[in-house]
Amino acid sequence: MATDHEISHGRDITWTLRAKQAPEHIRESWVGTSWIVEVAANGTRDSKPFQATHLFLSSLRTTPEALLQLVRDRWSIEGWHWIRDTQLHEDAHRYRGNGAGAMATLHTAALNLLRLAGFQSIRAGMQAVMHDITALLAMARRQPEPNPC
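In terms of numbering that gives the first Met the number 0, the sequence shown opens at residue 0 and continues consecutively.
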């Protein structure tokens, strides 16, 4: 069993991972599967309680702590793609050739500029600058804070 806790962005969440060895019929159906994994997330989002349980099959032989971190890292990536699709509608575009890579680069730059400018909400940031070329240029000229690492 492994647990992790985080308080950020209006959320207070505790994740609990439990794993048990996959029974024989699972291992026979999904070759290489070692574990049945349950990740429970409990907490509050914007002061409203929530609870979610996710089940996984895993072939990875590692510690519960490392497995929980891998699951959370995956959700982080999914969160990043969710923003790109819901705010920038990337999944609806049909760019060809180098167009897809070029647009992804421009989208990444735009998202990072909005975050550097202090916008917590990408939608609010886009609405604030979408018709203001001066604000866009000012964001592009802004110097980021030095990274202490």
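Just so it is clear, CB atoms sit at the ideal spot from N, CA and C, and this is done for glycine as well.
Between which two residues does the beta strand (DSSP E) carrying residue i extend?
{"i": "Pro48", "result": "47-57"}
Using DSSP with H/G/I as helix, E/B as strand and the rest coil, what is residue i?
{"i": "His4", "result": "strand"}
{"i": "Met129", "result": "coil"}
Per DSSP, what are the beta-bridge partners of residue i in this structure?
{"i": "Leu105", "result": "None, per the DSSP bridge assignment."}
{"i": "Ile12", "result": "Glu5, Gly42"}
{"i": "Trp34", "result": "Gln20, Ser57"}
State the start and end residues of the unbroken alpha helix (DSSP H) segment that holds residue i.
{"i": "Met138", "result": "132-140"}
Contact defined as beta carbons within less than 8 Å: I believe residue i pairs with residue j. What is the distance between those atoms, to the nearest angstrom?
{"i": "Ala127", "j": "Ala137", "result": "That belief does not hold up - the Cβ atoms of Ala127 and Ala137 are roughly 11 Å apart, past 8 Å."}
{"i": "Thr2", "j": "Trp14", "result": "7 Å"}
{"i": "Ala18", "j": "Trp29", "result": "That pair is no contact at about 15 Å."}
Fully enclosed by the segment 71-122, which alpha helix (DSSP H) runs are 4 residues long or longer? 98-115
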